[in-house]
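Asker:
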Amino acid sequence: MNSTLNFVASAHWTKDRNGTVSGQAVQPLMNFSAPPEFQGEPGIWTPEHFFTAAIATCFITTFQAIATFSKFGASALDVAVDGQIEKLEGGYRFTRVTVRPVLTVQNESERDRGLRLLEKAEKACLVSRSLQSEIILDPQVVVAPALVTV
């Protein structure tokens, strides 16, 4: 793999505080707005949602790469990301990001290993490693309920 990679996105203003965003060689085009708190339109993706979604999706893809390399089979992984914005000198900024992965494993014996892999994924995630915000990992590993056969 190259030591330098470029990813390109473009935004186009449509009206008020709304627009569309597209990525080079990716679909679909997405609508966005400023958050309602900043006079944007409710119910539409915002840059702040894109920010937290970038962390959540990076965490999942990073975990899956580490799990594959480690020959670890997870049943499910859901990741919620909560980004806290504060008004500081110079303006608003994300000051804290809490990553809440919930990993489902098949057996109790996989719990500790799953937790270690979640911690590795947090440290390796390209997006969160690139931020100045405080990153807090609040992981949970659950065991899938046993299937009942009749």
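Our numbering puts the first residue of the sequence shown at 4, with every later residue one more than the last. Think of the CB as a built atom: it goes at the ideal place given N, C-alpha and C, for glycine as much as any other residue.
#1: Buried or exposed: which applies to residue 94, given that a residue is buried once 16 or more other Cβ atoms fall within 10 Å of its Cβ?
#2: Between which residues of its own chain and residue 100 is the CB-CB distance below 8 angstroms, once the five residues before and five after are set aside?
#3: Determine the DSSP secondary structure at residue 47, reduced to helix, strand or coil.
#4: Rounded to whole angstroms, what is the Cα-Cα separation between residue 149 and residue 10?
#5: Among residues of its own chain, excluding the 5 on either side of residue 79, which ones have a beta-carbon nearer than 7 angstroms to its beta-carbon?
#6: Between 116, 102 and 98, which has its C-alpha nearest residue 125's C-alpha?
#7: From residue 34 to residue 111, what distance separates their C-alpha atoms?
#8: Leaving aside the five residues before and after residue 145 along the sequence, list all residues of the same chain whose C-beta is less than 7 angstroms from its C-beta, in chain order.
#9: Output yes or no for whether 9 angstroms exceeds the beta carbon distance between residue 75 and residue 117.
#10: Can you round the beta-carbon distance between residue 44 and residue 21 to whole angstroms, since I take them to be within the 8 angstroms contact cut?
#11: Using only CA atoms, which one of 129, 90 and 114 lies nearest to residue 143?
#12: The beta strand (DSSP E) that contains residue 76, what's its start and end?
#13: Buried or exposed: where does residue 147 fall if 16 or more other Cβ atoms within 10 Å of its Cβ makes it buried?
#14: For residue 120 versus residue 70, is the C-beta distance shorter than 9 angstroms?
#15: Looking at C-alpha atoms only, which residue of 68, 42, 77 and 81 is the closest neighbour of residue 18?
Answerer: Short version:
#1: exposed
#2: 55, 58, 84, 85, 86, 87, 131, 134, 136, 137, 138 and 139
#3: Here residue 47 sits in coil by DSSP.
#4: 43 angstroms
#5: 107
#6: 102
#7: 43 angstroms
#8: Listed in chain order, the non-local C-beta contacts of residue 145 below 7 angstroms within the same chain comprise 105 and 107, local neighbours out to five positions each way being set aside.
#9: Less than 9 angstroms divides the Cβ of residue 75 from the Cβ of residue 117.
#10: 6 angstroms
#11: 114
#12: No beta strand (DSSP E) contains residue 76, which DSSP labels as neither H nor E.
#13: By the Cβ-count criterion, residue 147 is exposed, with fewer than 16 other Cβ atoms from all chains shown falling within 10 Å of its own Cβ.
#14: yes
#15: Ranking 68, 42, 77 and 81 by Cα distance to residue 18 puts 42 first.
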